[in-house]
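**Student:** This is the structure I have questions about; it appears just below.
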Amino acid sequence: MVMDALRALLSAFFGTLGFAILLQAPRRSWIPASGIGAVSFFLYWLLCLIIPESLALFCGAAVGAALAQVCARKMRMISTVFHTMAIVAFVPGLALYRLMAQAAVGEYSSAAHFGVSAMISIAMIALGSSVGSHLSRRRKHT
Amino acid sequence: MEAMRLAGRLIVENGGEIYRVEETITRMGRAFGLEEVESFSVPSGVFISFSTPDGGSECSVTRVHKGATDLNRVDQVNAVSRRVEAGELTSEQALKALQDIVNGRRLPWYLLIPAAGLCAAGFAAMFNGGIPEITAAFAAGALVQGFATLLERRGLHSFVSLLLCGFLSTVIPLLLTLIWPDLALDAAVGAALMPMLPGLAMTNAVQDTIRGDLMSGLGHGIQALLTAAFIAGGAAAGTALWALLRRGALL
Chain A
2 MVMDALRALL
12 SAFFGTLGFA
22 ILLQAPRRSW
32 IPASGIGAVS
42 FFLYWLLCLI
52 IPESLALFCG
62 AAVGAALAQV
72 CARKMRMIST
82 VFHTMAIVAF
92 VPGLALYRLM
102 AQAAVGEYSS
112 AAHFGVSAMI
122 SIAMIALGSS
132 VGSHLSRRRK
142 HT
Chain B
52 MEAMRLAGRL
62 IVENGGEIYR
72 VEETITRMGR
82 AFGLEEVESF
92 SVPSGVFISF
102 STPDGGSECS
112 VTRVHKGATD
122 LNRVDQVNAV
132 SRRVEAGELT
142 SEQALKALQD
152 IVNGRRLPWY
162 LLIPAAGLCA
172 AGFAAMFNGG
182 IPEITAAFAA
192 GALVQGFATL
202 LERRGLHSFV
212 SLLLCGFLST
222 VIPLLLTLIW
232 PDLALDAAVG
242 AALMPMLPGL
252 AMTNAVQDTI
262 RGDLMSGLGH
272 GIQALLTAAF
282 IAGGAAAGTA
292 LWALLRRGAL
302 L
């Protein structure tokens, strides 16, 4: 359990850090943005143990987006940098890959299953991050 | 007008949100003393209008071709717009500052290659992969990024590049099954594809739509679907070629 938790935290941190560099985020944002990505993914991982995954995605994305707004204000940077990194770990890459792989071999019903799952995830992430951003946003130029 | 056009173009080109483009232009315009400044932006263009003292109006249309995402540039443009709003920069000074951003250096390619590897390796661990899957994902992610950089320098169209990169992301972990027969392909290939997958673009498209930017949401959504389709095409071709080679007992 502890090892799984550590794996969730570290994998999200390094996955997000890689993305931050790839998307050419400002250098001073790399570590805090990766930290936000790791914390929000860890929260999602914890919540998955007690509530349905889609709800956990919503909560993780909302908390990540709220943290991103706070961090953007503190560091006087655009919220996009932190907001993007806060939700990048939730992106349903595996479901999208499975959707493609199943469609490629003609397993359309299985592909549809993964497609619907990916779409629900995407909608929950988008809703969660919108709610999180709005709740923590001030009318300031961030 | 030039400074506002360049600011808008830079934000769209480098992956900033549509609402940010419109907000930045409007704030800069007001700070320059212009009246009735309006801006409308879509993923492929920026439209600006304002009224002139003689009662007329001026407008401008800028066609934008989106490049690679560079959040550092979006942040720099935002910093310039803040300074304009604070009255620290005139329109000429703002234009000069924005031109400096255009001429500024991006992160070097040799940093992006291990970054893609790190990203893929992180996701392989997240997908419950072990050491072989993490290693395979790192190798595939880094090699694909290197290949994509090469294709970009040759001026190859981005969708063709996506097709070839999708192919390579699948083939590299498949080849590594010759060394690690028990390699979990789901985790390794899924993670290797992560840096390219349009999951983030899809999420942004939904967010744009929720925010009321319907045109932008639609544009980003179609772009994300096309990206996914090309990557899927490449990945499917890689899987099919592998199956063919295995059936022919060439491997």
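Protein chains in written order, with my numbering: chain A, 2 to 143; chain B, 52 to 302.
Think of the CB as a built atom: it goes at the ideal place given N, C-alpha and C, for glycine as much as any other residue.
(1) Give me the Cβ distance between Leu85/B and Phe98/B, rounded to the nearest whole Å; I'm assuming they're in contact under 8 Å.
(2) Between Glu109/B and Glu89/B, what straight-line distance do the alpha-carbon atoms span, to the nearest angstrom?
(3) Over what stretch of residues does the beta strand (DSSP E) that includes Ser100/B continue unbroken?
(4) Measuring straight from C-alpha to C-alpha, what distance separates Phe91/B and Leu295/B?
(5) Within the continuous beta strand (DSSP E) that includes Arg114/B, where are the two ends?
(6) Do the region 220-238 of chain B and the region 175-184 of chain B touch if we need at least three Cβ pairs shorter than 8 Å?
(7) Can you pull the chain E residues whose beta carbon is under 9 Å from the beta carbon of Leu58/A, in chain order?
(8) Along chain A, in chain order, which residues have C-beta atoms closer than 8 Å to that of Arg157/B?
(9) Could you spell out where the alpha helix (DSSP H) holding Val82/A opens and where it closes?
(10) Taking 8 Å as the threshold (beta carbon to beta carbon), is Leu162/B in contact with chain A?
(11) Identify every run of the beta strand (DSSP E) within the region 227-254 of chain B, keeping only runs that are complete inside it and at least 3 residues long; order them along the chain.
(12) Counting only Cβ-Cβ distances shorter than 9 Å, please list the residues of the region 103-130 of chain A near chain B, keeping chain order.
(13) For a contact defined as C-beta to C-beta under 8 Å, what are the partners of Ala13/A on chain B?
(14) Using DSSP's beta-bridge definition, name the partner residues of Glu89/B.
(15) Would you identify the three-state DSSP class for Gln25/A, choosing helix, strand or coil?
(16) By Cβ distance below 8 Å, which residues in the same chain neighbour Lys236/B in space, the five residues on each side in sequence not counted?
(17) So Ile22/A packs on Leu158/B, CB below 8 Å; how close in whole Å?
(18) If you draw a straight line from the C-alpha of Asn154/B to the C-alpha of Asn129/B, how long is it?
(19) Taking the runs of the alpha helix (DSSP H) that are 4 residues or longer, which of them lie wholly in the region 121-191 of chain B?
(20) To be precise: take each residue of the region 112-130 of chain B, compare its Cβ to all Cβ atoms of chain A, and keep it if any distance is under 7 Å. Which residues remain?
(21) Does any residue of chain A have a CB that is nearer than 8 Å to the CB of Ile261/B?
(22) Give the residues of chain A in contact with Pro246/B, contact being defined as C-beta atoms less than 8 Å apart.
**Tutor:** Short version:
(1) Rounded, the Cβ-Cβ distance is 15 Å, inconsistent with contact.
(2) 11 Å
(3) 96-102
(4) 51 Å
(5) 108-114
(6) yes
(7) Absent from the structure: chain E. Protein chains present are A and B.
(8) Gln25
(9) 80-89
(10) yes
(11) none
(12) Ala104, Ala105, Val106, Ala119, Met120, Ser122, Ile123, Ala124, Ile126, Ala127, Leu128, Ser130
(13) Gly173, Met177
(14) Ser100/B
(15) coil
(16) Looking at the sequence itself, residue 236/B is Leu, so the reference to Lys does not match. Pro224, Leu225, Thr228.
(17) 7 Å
(18) 17 Å
(19) 122-136, 142-154, 160-177
(20) Thr120, Asp121, Leu122, Asn123, Val125, Asp126, Asn129
(21) yes
(22) Gly19, Phe20, Leu23
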